[in-house]
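Quick notes on the structure that follows.
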Amino acid sequence: MTKPLNPEDEERRKKLFEIADELRERTKKQTPEEGFRVVITGKGGVGKTTMTAILARLLARDGYRVLAVDEDPQMNLAHALGVPKEVRDKIVPLNRNLDYIEEKTGARPGTNWGLYFSLTPDVRDVVDRFGVVGPDGVMLLVMGSVVQAAAGCLCPENALLDAVIKYINLRKGEIILMDTQAGLEHFGRALARGFKQAVILTEPTYNSVQVAVDAAKLARQLGIDHIHLVINKVKKEGHVEKVERILNELGFNDFTTKTVIPYDEMVEEYDPEIEAILANPESPTYMKALELKDILLKYAE
């Protein structure tokens, strides 16, 4: 016969059950079965890498599993996230990892690989082998950018990166943020299969807004459901009106949401690092990143 618990032990037992229930509920809420995927893009220098890093850290602090993917040619996301220099220096982007490309596709870039290599390499081990764990538990995968050519490039590097994107689309229970160069066409339909939100950053200049509009139109063509415009580095009220005027002039203003971020000296001072921003809740960038994080969660439901 089981000996009854004394009142103190019974109270402790009840408390443990309550904690367990709370953890289960929190896990259910914070690890969606399907997860969701966001592509973050815009003209070079608009702040997309900084925003990707801040969003990744904030989401991870909320308890989500986060995979940050660096597909920008500059490959500064590791630095922005806070990955130590000694670790960053050892990162080899996937598009330059010749051994892995050859292992998976059967062809080695830079050699006479001819016509025969796998267009559908098995890359299910890519995150386990090459993912780097950063601050707050953010997982980072540095892809590098695709090889561009006038008539496109059917080559092992691009076959591998395309397979990685397709694999990322199948990962579940994870938030995936991809920092990419402006112009998503190199991934075509592969990107659209899993990425249902896009964050497009712009500065209040004609050229930057034009790049943002081109990216937004392409995202629409790819079937990305929710496109969020972020107007960054706004120094005066007239800048927002200027962006709206340019959008109307270009004939495209179909954004799910718009977020305006005032010019933040701290971002420029500490670029590309974000620790000082995360430590300063009064930073305009920090406050607006919190708003954007909530927007992404809302439209992921």
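Just so we're aligned, residue 181 is where the sequence shown starts under the working numbering, counting upward by one. Think of the CB as a built atom: it goes at the ideal place given N, C-alpha and C, for glycine as much as any other residue.
What would DSSP say about LYS223, mapped onto helix, strand or coil?
Taking the sequence shown and counting its residues from 1, the one referred to as residue 223 is at position 43. It is coil, neither helix nor strand.
Nearest to PRO442 by CA position, among GLU283, LYS376, VAL226, is which residue?
Locating residue 442 in the sequence shown gives position 262, counting from the first residue. For PRO442, the nearest C-alpha among the options comes from VAL226.
Whole runs of the beta strand (DSSP E) within the segment 245 to 296, excluding any shorter than 3 residues
246 to 251
Please classify GLY403 as buried or exposed, where buried requires at least 16 other C-beta atoms within 10 Å of its C-beta.
The residue given as residue 403 occupies position 223 in the sequence shown. Classification of GLY403: exposed, given that the 10 Å Cβ count is below 16.
For LYS270 and PHE310, the rounded distance between their alpha carbons:
As a first step, residue 310 is located in the sequence shown; it is residue number 130 there, counting from the start. As a first step, residue 270 is located in the sequence shown; it is residue number 90 there, counting from the start. Computed Cα separation, rounded: 11 Å.
Would you identify the three-state DSSP class for ASP308, choosing helix, strand or coil?
For this step, residue 308 is matched to residue 128 along the sequence shown. Residue state, collapsed to three classes: helix.
Can you tell me whether DSSP reads ASP242 as helix, strand or coil?
Residue numbering aside, residue 242 sits at position 62 when the sequence shown is read from its first letter. Coil.
For ASN428, count neighbouring Cβ atoms within 10 angstroms of its own Cβ and tell me buried if that reaches 16, exposed if not.
Counting from one through the sequence shown, the residue named residue 428 turns up at place 248. That one is exposed.
Is there contact here, the segment 272 to 286 with the segment 226 to 246, by at least three beta-carbon pairs under 8 Å?
no
So what does MET319 bridge to, in DSSP terms?
In the sequence shown, the residue the question calls residue 319 occupies position 139. MET319 is bridged to LEU247, VAL313.
Between the segment 432 to 441 and the segment 316 to 324, do three or more beta carbon pairs fall short of 8 Å?
no
Under the DSSP definition of a beta bridge, which residues are partnered with HIS406?
By one-based count along the sequence shown, residue 406 stands at place 226. Answer is GLN377.
Using CA atoms only, rank isn't needed, just tell me which of PRO253, ILE234, VAL218 is closest to GLY224.
Along the sequence shown, one-based indexing puts residue 224 at 44. Of PRO253, ILE234, VAL218, the residue nearest in Cα terms is PRO253.
Please look up how many angstroms separate the CB atoms of LYS265 and LEU381, rounded, as I've assumed it's under 8 Å.
The residue you call residue 265 lines up with position 85 of the sequence shown. The residue you call residue 381 lines up with position 201 of the sequence shown. Actually they do not touch by this definition, with Cβ atoms about 26 Å apart.
For the beta strand (DSSP E) that ASP359 lies in, which residues bound it at each end?
By one-based count along the sequence shown, residue 359 stands at place 179. Looking at the DSSP string, the run of the beta strand (DSSP E) that includes ASP359 is 355 to 360.
Tell me whether the segment 350 to 357 and the segment 276 to 289 touch, counting them as touching only if at least three CB pairs, one residue from each stretch, are closer than 8 Å.
no
Classify THR232 as helix, strand or coil using the three-state DSSP reduction.
What you label residue 232 is simply residue 52 of the sequence shown in a count that begins at 1. It is helical.
Report buried or exposed for ASP302, applying the criterion of at least 16 other Cβ atoms within 10 angstroms of its Cβ.
Counted from its first residue, the sequence shown places residue 302 at position 122. Exposed, by the Cβ-count rule.
Using the three-state DSSP reduction, which class does PRO336 fall into: helix, strand or coil?
Reading the sequence shown from its first residue, position 156 is the one you call residue 336. In the structure shown, PRO336 sits in a helix (DSSP, three-state: H, G or I).
Suppose you measure from the CA of ASN349 to the CA of ILE220; what does that come to, to the nearest Å?
In the sequence shown, residue 349 corresponds to position 169, counting from 1. In the sequence shown, residue 220 corresponds to position 40, counting from 1. Answer to the nearest angstrom: the Cα atoms are 15 Å apart.
C-beta contact flag for ASP444 and SER463 at 7 Å
Position 264 of the sequence shown, counted from the start, is the residue given in the question as residue 444. Position 283 of the sequence shown, counted from the start, is the residue given in the question as residue 463. Cβ atoms of ASP444 and SER463: closer than 7 Å.
Reducing DSSP to helix, strand and coil, say where PRO504 ends up.
Residue 504 lies beyond the stretch modelled for the chain, which goes from 181 to 481, so this question has no answer here.
Distance, Cα to Cα, ILE454 vs ALA362?
Position 274 of the sequence shown, counted from the first residue, corresponds to residue 454. Position 182 of the sequence shown, counted from the first residue, corresponds to residue 362. If you take the alpha carbons of ILE454 and ALA362, they lie about 22 Å apart.
Taking the alpha-carbon of LEU472 as reference, which of GLU448, LYS415, VAL410, ASN460 has the nearest alpha-carbon?
The residue labelled residue 472 in the question sits at position 292 within the sequence shown. It is VAL410 whose Cα lies nearest to the Cα of LEU472.
Pairwise C-alpha distance: THR291 and ALA480
Walking along the sequence shown from the start, residue 480 turns up at place 300. Walking along the sequence shown from the start, residue 291 turns up at place 111. Cα-Cα distance, rounded: 44 Å.
Cutting at 8 Å between CB atoms, please list the residues of its own chain near ASN460, excluding the five before and the five after it.
Within the sequence shown, the letter at position 280 stands for residue 460. The answer, listed in chain order, is MET446, TYR466.
CB-CB length for PRO315 against LEU261, believed under 8 Å
If you number the sequence shown from 1, residue 315 lands on position 135. If you number the sequence shown from 1, residue 261 lands on position 81. Yes, they are in contact, since the Cβ atoms of PRO315 and LEU261 sit about 7 Å apart, within 8 Å.
Residues near VAL423 in its chain [Cβ-Cβ closer than 8 Å; skip 5 each side]:
On the sequence shown, position 243 is the one that residue 423 refers to. For VAL423, where only same-chain residues beyond five positions count, the Cβ hits under 8 Å are THR382, PRO384, VAL389, ILE411.
Opposing strand residues paired with VAL414 [DSSP bridges]:
Numbered from 1 along the sequence shown, position 234 holds the residue referred to as residue 414. The partner list for VAL414 (beta bridge, DSSP) reads PRO442.
Given this structure, state the Cα-to-Cα distance separating PRO212 from LEU476, to the nearest angstrom.
Position 32 of the sequence shown holds residue 212. Position 296 of the sequence shown holds residue 476. Because the pLDDT of PRO212 is 48, which lies under 50, any placement of that residue in the model is unreliable, and the number read from its coordinates should be weighed accordingly. Whole-angstrom Cα-Cα distance: 13 Å.
Going straight from the alpha carbon of ALA233 to that of VAL249, what length do you get?
As a working mapping, residue 233 is identified with position 53 in the sequence shown. As a working mapping, residue 249 is identified with position 69 in the sequence shown. Going from the Cα of ALA233 to the Cα of VAL249 covers about 10 Å.
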